[in-house]
Each structure stands twice: as structure tokens, then as C-alpha cells.
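Heads up, the thing below is written out as C-alpha cells.
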Amino acid sequence: MATFRRWLPQIALMVAVFLMLLVSNPREDLPTVGAIYAGMLAFSAMSLNLLLGARLRPVERLFGGMDKMFLQHRQFGYLALAAAVAHWLSPPSFPQFLAACDDLCKSAIEAGEIAFNTLAILGVFSIVRRWTFRGWRIPYQWWKWSHYLLLIAWWLAFFHLMQNRKMPAVYQQMAEILGLIGAACFLLYLLGWVLRMMRTKAYVVETVTRDQGVTGIRAHPRGKGIRHRAGQFAFIRARKPGLREAHPFTISGGEDRDGVVQFNIKGLGDYTKRLHADLKEGDTLVVEGPYGDFRYPDREGRQVWVAAGIGITPFLSFVRSMPDQIRGKVEMVYLVKTAEEAVALEEFEAAAARVDNFRFTLHPSAEKGRWPGVTPGPDLKAVLFCGPPVLRDMLKKQFGRKLHFEYFEF
Numbered sequence: 069m070a071t072f073r074r075w076l077p078q079i080a081l082m083v084a085v086f087l088m089l090l091v092s093n094p095r096e097d098l099p100t101v102g103a104i105y106a107g108m109l110a111f112s113a114m115s116l117n118l119l120l121g122a123r124l125r126p127v128e129r130l131f132g133g134m135d136k137m138f139l140q141h142r143q144f145g146y147l148a149l150a151a152a153v154a155h156w157l158s159p160p161s162f163p164q165f166l167a168a169c170d171d172l173c174k175s176a177i178e179a180g181e182i183a184f185n186t187l188a189i190l191g192v193f194s195i196v197r198r199w200t201f202r203g204w205r206i207p208y209q210w211w212k213w214s215h216y217l218l219l220i221a222w223w224l225a226f227f228h229l230m231q232n233r234k235m236p237a238v239y240q241q242m243a244e245i246l247g248l249i250g251a252a253c254f255l256l257y258l259l260g261w262v263l264r265m266m267r268t269k270a271y272v273v274e275t276v277t278r279d280q281g282v283t284g285i286r287a288h289p290r291g292k293g294i295r296h297r298a299g300q301f302a303f304i305r306a307r308k309p310g311l312r313e314a315h316p317f318t319i320s321g322g323e324d325r326d327g328v329v330q331f332n333i334k335g336l337g338d339y340t341k342r343l344h345a346d347l348k349e350g351d352t353l354v355v356e357g358p359y360g361d362f363r364y365p366d367r368e369g370r371q372v373w374v375a376a377g378i379g380i381t382p383f384l385s386f387v388r389s390m391p392d393q394i395r396g397k398v399e400m401v402y403l404v405k406t407a408e409e410a411v412a413l414e415e416f417e418a419a420a421a422r423v424d425n426f427r428f429t430l431h432p433s434a435e436k437g438r439w440p441g442v443t444p445g446p447d448l449k450a451v452l453f454c455g456p457p458v459l460r461d462m463l464k465k466q467f468g469r470k471l472h473f474e475y476f477e478f
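Numbered by my numbering, the letters in the sequence shown go through residues 69 to 478 in order.
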């Protein structure tokens with residue numbers, strides 16, 4: 069059931085395009101109708117990916133956060149690739165309309181072939197990037213820049229859809245309708261790009277701390293900073309070689325009006341290790357955001373917060389902005405291998421002493437063994453989690469919709 073819900077947007081698109089084709093009362097043979105359906109489905113999925121890539125806040129809220137929106141972005145990409153392959157393997161044929169295919173029509177047909185090849189190459193590149201070969205994987209920046217080439221594939225597919233006159237008028241009308249919808253998605257993508265530039269602010273790095281492989285960053289804005297709430301994240305990059313690619317990180321503090329932001333970043337990949345080694349006080353940090361919808365429910369009842377490893381960062385922002393009085397009861401557990409690995413332990417202990425109804429427990433597995441898990445009960449209203457996917461999936465099976473989390477896999 070969970071898998072069905074995860075793929076529900078793609079299923080909805082498949083049904084919508086099918087119903088649209090069904091209304092046209094197709095009279096051709098099944099392979100021909102199927103090929104038309106696959107081609108229109110591929111273009112529709114590519115267009116929706118443009119809309120998701122725009123990072124518009126209403127769309128983000130519709131999907132329940134950017135993490136889930138980008139998960140859908142990836143799945144629409146898989147759908148577009150699969151539909152394009154089906155369309156390419158068995159393209160529709162209308163010999164009776166060959167005479168109507170002028171030079172522009174022929175160019176549109178060739179554009180469709182180029183669009184498919186481009187989509188196929190970049191799709192396989194994106195899939196392969198998720199694999200690791202003997203400790204090496206395709207660098208993020210290679211994938212990011214190659215991803216922009218999908219805009220070329222979309223434009224070629226758009227031209228193919230709008231100018232391929234070698235088919236009955238009823239199908240051409242459908243193609244033009246989908247083309248106009250796709251053009252609207254492209255315009256919204258451009259709008260999103262403009263809004264992202266407006267949400268991008270320059271900061272000056274005040275302090276950089278390094279402890280147990282975790283880089284702590286505190287920065288103040290040059291001019292007006294971003295406005296965010298506890299639990300949100302931002303894309304950050306630095307204006308220096310090796311750190312110019314934007315990556316998402318949770319904002320671990322700085323919800324005050326002075327615009328200061330704080331990050332606690334674990335050196336796990338190439339970029340974060342360079343950040344750990346090269347970022348200095350006085351450097352310029354470029355921050356885009358905020359994004360995300362990870363927050364704790366402000367209501368009566370019991371809730372449990374579970375942080376594992378560097379998944380502590382959103383909870384750190386929670387306790388830094390938490391008032392002395394909160395509704396309900398919060399039980400927080402911080403899972404680490406050893407107590408020495410804990411980040412900002414003193415802040416959580418101070419919050420437990422300061423805030424009524426907030427209890428904090430550190431669980432170092434090397435000392436206490438395996439964590440027994442969350443104790444369920446009728447008074448349990450929510451479980452908030454940030455950490456490794458294996459533990460997240462275990463909690464998801466146990467608590468279902470009571471579990472609040474972000475995928476953070478984009």
C-alpha cells in the first residue's frame with residue numbers, strides 16, 4: 069500500500085493521459101494507439117518534471133515538502149524514460165498522411181529521435197550515478213550539469229509534438245493541448261528560477277568549528293538574510309574553488325531576526341569533506357532557501373523525537389528556538405555509537421533542564437547496546453525522525469502516518 073501511494077502521482081498521470089486519448093475515440097490498431105499514448109505520456113512526464121524542478125512553494129506544500137517533491141521528480145523521470153523507450157521501439161505509423169509531411173514535419177520527426185537519444189543517455193547516466201563502483205561514484209557536479217541538458221530534450225520533444233503533422237487531426241489536437249500545458253510548465257520553471265535568485269542571499273562566515281568530523285558554520289547576512297523556521301533546510305555553496313556547487317543542508321539554528329544562520333555538516337562525501345577542510349572565517353557563503361516542511365506538532369499528547377548521527381541537525385534547530393513552555397510531552401532520543409560523537413550535547417541537556425515537558429536521552433550503542441525502539445501507546449501522537457534510511461523504514465512500518473521525516477536523498 070505504501071508503494072502504491074508513493075507512485076500515485078505517476079499512476080494519476082498515466083490514467084489522465086489514457087482518458088484523454090480515450091475521449092478521442094481512437095480507431096487505429098492497438099500497437100498504434102499504444103505508441104501514441106506512450107509518446108504523449110513521455111512528454112507529459114517531462115513537462116511535470118519541469119514544474120517540480122521550479123521549486124515553487126505551492127507545489128512544495130502540495131507534495132508535503134521538497135524532499136518528497138524531488139522523490140516524485142525522480143519517479144516522473146523514470147516514467148518519462150520508460151514511456152519514451154516504448155514509443156521509440158514501436159513508433160506509430162500513418163502511411164496515408166505521408167504526403168502531408170513537409171520539411172518542417174520531417175524536421176520534427178528527426179527532433180523526436182534526437183530527443184529520445186538525449187533522454188535515454190541522461191536517464192541512464194542518472195541511474196548509474198546512484199551506484200558505487202569500488203568506492204567511486206559519478207561526482208554530483210557532473211550529474212547536475214548533465215541534468216540541465218534535459219531542457220534540450222524537452223524542447224526537441226516539444227517541437228516533435230507540435231509540428232509532427234503525420235497523424236490524424238484528432239491526435240494532433242491532443243498533442244497541441246499537451247504541448248500548451250507543457251509550455252505553461254516551462255514558463256513556471258522560468259518563474260521558479262527567477263524566484264530562486266530572489267531567495268538567494270550572500271552571507272559572511274563568522275565562525276567555523278571542526279569536531280569529530282562535523283563542521284559547524286555560523287554566518288551573518290550581507291544585507292537582508294533568508295527568513296526560515298526551525299527544521300527547514302537550504303542549499304548552500306561558497307564562493308571559492310571546489311565549493312561552488314550548491315548542496316542541501318538542514319539549518320541547525322538562527323531563527324532570530326538578525327538573520328544569522330547555523331549549519332552542522334558531517335564530512336561524508338567529497339563536497340562535505342572539502343567544506344570541512346577549506347571553508348574559513350570571512351568566506352562568502354551563498355544561501356538559497358528556505359525549503360522543507362519538517363516541524364514538530366504543537367499540540368497536546370506525547371511525541372517522540374529520534375535522531376541518529378548527523379540527523380541531529382533539525383532537532384538542534386528545534387531546541388534552539390523552543391520556548392520554556394510547550395504543549396504536550398516530548399521525549400527525545402539521540403542515537404550515536406559513542407558519547408564522544410554527540411553534537412551539541414550540552415545544548416540538548418540544557419534544553420531538557422529549561423523546557424517543561426521535554427525529556428532528552430543519549431543512547432550510545434557501544435555502551436548501552438541496541439536501541440530498543442519507541443514504546444507505542446494510545447497517547448502517542450507523532451514520531452519525528454532524522455537519520456539513516458534503514459532505521460527510518462523500520463519506524464515507518466511501525467508507526468505509518470504518525471512518523472514525520474524527510475527523505476533528504478536528492
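Cβ coordinates follow ideal geometry from the N, Cα and C atoms, glycine included. For clarity, every value in this text was computed on a predicted model and none was experimentally measured.
- For Gln393, there is no enclosing beta strand (DSSP E), since its DSSP letter is neither H nor E.
- For Ile285, the pairing in a beta bridge is given by DSSP as Val276, Phe331.
- Only buried fits Arg460, as 16 or more other CB atoms lie within 10 angstroms of its CB.
- The three-state reading of DSSP puts Glu356 in strand, counting E and B together.
- Sixteen is the threshold: when 16 or more other Cβ atoms of the shown chains lie within 10 Å of the Cβ of Val398, as they do, the residue is buried.
- As DSSP reads the structure, Tyr271 sits in a beta bridge with Pro289, Leu353.
- Taking each of Lys292, Leu347, Tyr339, Ile333 in turn and checking the Cα distance to Asp326, the smallest one comes out for Lys292.
- Judged by pairs of C-beta atoms under 8 Å, the segment 356-363 does not touch the segment 411-426, as fewer than three such pairs exist.
- Residue range 413-422 is occupied by the alpha helix (DSSP H) that includes Ala420.
- Closest option to Gly321, judged by alpha-carbon separation, among Ala420, Thr283, Leu259, Gln300: Gln300.
- For Leu87, the enclosing alpha helix (DSSP H) begins and ends at 76-91.
- Under the three-state reduction of DSSP, Gly250 is assigned to helix.
- With 16 or more neighbouring CB atoms inside 10 Å of its own CB, Leu229 falls in the buried class.
- DSSP places Phe144 inside the alpha helix (DSSP H), whose first and last residues are 134-157.
- The beta carbons of Thr381 and Asn332 sit closer together than 9 Å.
- Gly337 has no beta-bridge partner at all, per DSSP.
- Residue environment: Ile195 is assigned as exposed (fewer than 16 neighbouring CB atoms within 10 Å of its CB, all protein chains considered).
- If the five residues before and after Gln209 are omitted, its C-beta is found closer than 8 Å to the C-beta atoms of Glu313, all from its own chain and listed in chain order.
- Here the C-alpha atom of Ser175 lies approximately 12 Å from the C-alpha atom of Lys234.
- Comparing C-alpha distances from Pro236 to each of Phe111, Val442, Ile104 shows the shortest one belongs to Ile104.
- Bounds of the beta strand (DSSP E) holding Phe317 are 315-318.
- Residue environment analysis places Tyr271 among the buried positions, since at least 16 neighbouring C-beta atoms fall within 10 angstroms of its C-beta.
- Cβ-Cβ distances below 6 Å link Thr318 to Phe301, Thr381, Pro382 in the same chain, with the five nearest sequence neighbours on each side left out; the list follows chain order.
- Looking at Cys169, Pro446, Ala113, Ser161, the one whose alpha-carbon comes closest to that of Gly145 is Ala113.
- For Gln371, DSSP records a beta bridge to Val398, Ala450.
- At least 9 Å separates the beta-carbon of Val354 from that of Ile285.
- Counting only the Cα atoms, Leu190 lies some 38 Å from Leu384.
- Sequence-distant Cβ neighbours of Ser158 in its own chain, meaning closer than 6 Å and more than five residues away, are Pro99, Ala103.
- By a beta-carbon distance limit of 8 Å, Thr443 does not contact Val401. Their separation comes to about 11 Å.
- For the 9 Å CB-CB criterion, Ala450 and Lys470 form a contact.
- By alpha-carbon distance to His431, the top candidate from Trp156, Pro316, Asp424, Glu409 is Glu409.
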